[in-house]
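Position one of the sequence shown corresponds to residue 361 (my numbering), numbered consecutively onward.
One structure is given below, encoded as structure tokens.
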Amino acid sequence: MLTRILVLFLFAMQGGFAQTPKESLDRLVEGNKRYAKDRLLHPNHSTDRREEVKEKQNPFAVILGCSDSRVSPEILFDQGIGDLFVVRDAGNVAGPIELDSIEYSVKYLGSSLILVLGHQSCGAVTAVLDGKTSDIEAVANLIEPAIKGAKTVEEAIKANVRSVVAQLQKAPLIKKLISEKKLACIGAYYHLGSGKVELLTP
């Protein structure tokens with residue numbers, strides 16, 4: 361109970377969102393630890409929070425994740441209303457629409473972290489690896505170059521995440537904010553069974 365009160369107090373002191381890329385990442389990491397240990401705090405789910413953000417939002421992080429029903433960022437990072445700006449599609453790829461959405465959040469909403477989140481047993485990446493892409497051609501066209509040479513599904517999923525991170529880091533606005541140390545863009549891999557998010561090195 362004391363831990364819950366302390367965390368909620370810290371959230372309040374932060375004004376509901378972290379200021380630096382490191383603070384944002386730390387907040388996600390700590391939230392995922394709670395989720396994996398089944399010690400969720402469910403912050404920012406209250407009526408007061410709804411009132412607080414109804415006129416303005418300041419999500420501390422952008423999550424580019426897969427549409428998979430088992431991978432809900434707000435749940436697996438134990439966050440609440442207004443905390444995360446979530447962009448989801450099959451295979452967590454970044455086409456023009458996804459890039460526009462991400463840039464909107466970092467430019468106008470003050471998000472200081474972009475996390476590209478792949479996950480275990482991703483159907484889209486598996487389909488591309490197996491050459492069964494007739495139903496997901498647009499997505500497959502974005503995934504295929506990233507996973508050439510991958511020998512396992514996990515290797516392909518992580519390669520796809522790293523490719524998307526590299527792609528985003530080259531976008532002019534994102535590149536500028538990273539150089540100014542106002543933004544970080546990293547990748548991660550979610551383990552469905554354990555609930556743990558593994559941060560990926562570049």
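Note that the Cβ used here is the ideal one computed from N, Cα and C, for glycine as well.
Source: prediction; values computed, not measured.
Within the region 447-506, the complete alpha helix (DSSP H) segments of 4 residues or longer fall at 456-464, 483-490, 497-503, listed in chain order.
Note that the C-beta distance between Leu473 and Ala544 is below 8 Å. Annotation for Leu385: the continuous alpha helix (DSSP H) segment containing it runs 381-396. With distances taken between CA atoms, Arg448 lies nearest to Asp428 out of Leu552, Asp428, Gly442, Ile435. Taking Lys511 as reference, the option from Asp495, Leu560, Val488 with the minimal CA-CA separation is Val488. The beta-carbon distance between Phe445 and Leu469, rounded to whole angstroms, is 6 Å. This is short enough to meet the 8 Å contact definition. Counting along the chain, Ile423 sits inside the beta strand (DSSP E) bounded by residues 421-426. When DSSP assignments are scanned along the region 509-549, the uninterrupted stretches of alpha helix (DSSP H) that are 4 or more residues long and fall wholly within it turn out to be 513-530, 532-539.
Under the DSSP assignment, Val413 falls in the alpha helix (DSSP H) whose first and last residues are 407-413. C-alpha of Lys536 to C-alpha of Leu528: approximately 11 Å in a straight line. Here the alpha carbon of Ala498 sits roughly 19 Å from the alpha carbon of Val476. Taking C-beta separations shorter than 7 Å and ignoring five residues to either side along the sequence, the partners of Pro381 in its chain run Ser472, Leu473, Leu543, Ala544, following chain order. For Leu560, the enclosing beta strand (DSSP E) covers residues 557-560. Straight across, the Cα-Cα distance linking Arg394 with Glu383 is about 17 Å. In this structure Gly491 is exposed. Its beta-carbon is surrounded by fewer than 16 other beta-carbon atoms within 10 angstroms. Secondary-structure assignment with DSSP links Phe445 through a beta bridge to Val422. Looking at the backbone, the Cα of Glu411 and that of Ile441 are separated by about 10 Å.
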